[in-house]
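What follows is a single structure, written as structure tokens, with notes after it.
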Amino acid sequence: GCRICHDECPVLPPPVLQQHEASVAAAAAASADAAASSSATTDGDHDMMNSNNNTGWKQMDAKPKMEKRNSLPSDFTEEETHHNIDRFAIKEVICRNCFTRQSSKTNQCIACKIQFGEYHCSICNLWMSQDEEPYHCEDCGFCRVGGRDNFRHCHDCGMCIDALLFDDHNCKAGKYMSNCPVCQEDLFSSRSASHEMPCGHAIHWHCFRELTSFDTRCPVCKKTAETHEQMAPTWSAMAMGIALQPVPPEMARVVSIVCNDCEVRDENRRWHFLGVQCNECGSFNTTVERTTLMGREAAVFLGDDVNGGSGATGGGDAGGGAGSPALGGAGGSAEMESSAAAAAAAA
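Take 2 as the starting number for the sequence shown in this note's numbering and just add one per residue.
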């Protein structure tokens, strides 16, 4: 264990072996002095001294000397005993096989010659296996995992970037000197893989996958967290849903929107509960800024058939989607009047 945090570790006992040995030596010296002076004491004093010596030996026997390994629980595992320490401040380590105290700048015990780990970094005081392909990055200042050949350090971003994405990544100073917007863990020193969203913000890859299962927007700037090519099938399905589910005249609204992706504003748009599509970039990541008209007044403004109820013409107009041209209100009324006049003449 580490000497810095040895006394606070919940598994390893405090270093009391030296104290126990000192107490045994002191007791032995005391008994020798008592034996030397026993000849000059009375029989009653001699019996009292023997009683005191027996009591002292019983107290010492209450803490028998044993190896530290016997004090570890049978279900001891490394994962259950991790605790926070400053590994750069570690100066010495103790071999868990022979309990020899030695310098931390070695990967082999000086006494029993056992190897501490497959990978060792004397700068970070790190011992681990090669399963995660650890390597030390001098520019980052500590060890990372993933393989040295798979990453390249970007001096502008201050981070090791995937070698396959290095040439196309969005360079931004201090981009990784922040916390993950989902779990709030420091991205720079995190052992988890990071992901760069199209907006330029960074996030843990596992947090990104969990986020996109129910939201496709960046938690910081609210821009779409995936590329437009990846979102095209979703947006097409939303446009089809709007076309198949027209809003009734009583729920019609005329709104002004702003697109969170291209930041373009648009007015006098048809509102739908599934969303309003941006005419500039085709994104459904829009926000309603203001509602201009509501109800039948909005339906008349949009050119919907407010008197036909569930007529085919009204349904088709309302279901035309955000990008479809609205029929003129005057033209629709003239057509209805001519149809009514023809019906009256026939009667």
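The beta carbon of each residue, even a glycine, is placed where N, CA and C say it ideally should be.
- For the 8 Å CB-CB criterion, Asn126 and Cys113 do not form a contact.
- Beta-bridge annotation (DSSP): Gln109 is paired with Gln116.
- Here the C-alpha atom of Gln116 lies approximately 13 Å from the C-alpha atom of Gln103.
- With fewer than 16 neighbouring CB atoms inside 10 Å of its own CB, Asn308 falls in the exposed class.
- The beta carbons of Asp168 and His156 sit no closer together than 8 Å.
- Taking Gly304 as reference, the option from Val289, Glu264 and Val248 with the minimal CA-CA separation is Val248.
- Exposed is the label assigned to Asp187, since fewer than 16 other Cβ atoms lie within 10 Å of its Cβ.
- Val289 and Val277 do touch by the CB rule: their CB atoms are close to 7 Å apart, below 8 Å.
- With contacts defined as CB atoms closer than 8 Å, Asn261 and Lys223 qualify as a contacting pair.
- In this structure, the straight-line span from the alpha carbon of Gly142 to that of Ser123 is close to 12 Å.
- In the three-state reduction of the DSSP assignment, His207 falls in the helix class, which pools H, G and I.
- In the three-state DSSP reduction, Ile243 falls in the helix class (H, G or I).
- One thing to note: Gly148 has its Cβ no nearer than 8 Å to the Cβ of Tyr177.
- Counting every other CB atom within 10 Å of its CB across the protein chains shown gives Trp272 a total of 16 or more, marking it as buried.
- Boundaries of the alpha helix (DSSP H) harbouring Leu303: Gly296 to Leu303, taken from the DSSP string.
- The three-state reading of DSSP puts Ser195 in strand, counting E and B together.
- For secondary structure counted as the alpha helix (DSSP H) over 4 or more consecutive residues, the stretch 219-281 holds these complete runs in sequence order: 229-245.
- Residue environment analysis places Cys172 among the exposed positions, since fewer than 16 neighbouring C-beta atoms fall within 10 angstroms of its C-beta.
- Residue pairing for His202: DSSP places it in no beta bridge.
- The stretch 224-231 and the stretch 239-254 do not touch, with fewer than 3 CB-CB distances between them shorter than 8 Å.
- For the pair Leu165 and Asn151, the Cα-to-Cα distance works out to about 8 Å.
- Looking at Asp306, Ser130 and His196, the one whose alpha-carbon comes closest to that of Ile162 is His196.
- In terms of Cβ geometry, Ser214 and His205 do not form a close pair [threshold 8 Å].
- Between the alpha carbons of His121 and Val25 lies a gap of roughly 40 Å.
- Beyond the five residues adjoining it in sequence on each side, Glu93 comes within less than 7 Å, by CB distance, of Arg4, Arg102, Gln103, Ser104 and Ser105 in the same chain, given in chain order.
- In this structure, Arg218 places its C-beta atom within 8 Å of the C-beta atom of Asn286.
- A direct Cα-Cα distance of roughly 38 Å separates Glu134 from Thr235.
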